[in-house]
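Everything in the sequence shown is counted per the working numbering, starting at 60 for the first residue and increasing by one. Every residue gets a Cβ at the ideal spot worked out from N, C-alpha and C, and that includes glycine.
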Amino acid sequence: MFLLLRLKGRMEHFDCRLFITALGLAFLMEGLAYFLFAEKMPPMLRLLSELPARTLRLIGLAAVLAGLLFIFLARVFHPF
């Protein structure tokens, strides 16, 4: 299913199926750590809760940049 979006005066297709697939993959990756390492997650979460906000932002920024890099590489070397 496609939704049409108007971007800069032209119509673009938004692929809902691809978006839902990507969202499902994100949930899968997030849940995998809890499933595989359930015993180690509470201490890890306590450790993260004690980190300064600046450090958490840097970790978040690194994750965002890594995600963008993966998307870029996937689009350059294996166009959809």
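Residue i - containing alpha helix (DSSP H), residue span
{"i": "Phe129", "result": "112 to 136"}
Helix, strand or coil at residue i according to DSSP, with G and I counted as helix
{"i": "Phe94", "result": "helix"}
Within 8 Å, strictly: CB atoms of residue i and residue j
{"i": "Tyr93", "j": "Met100", "result": "yes"}
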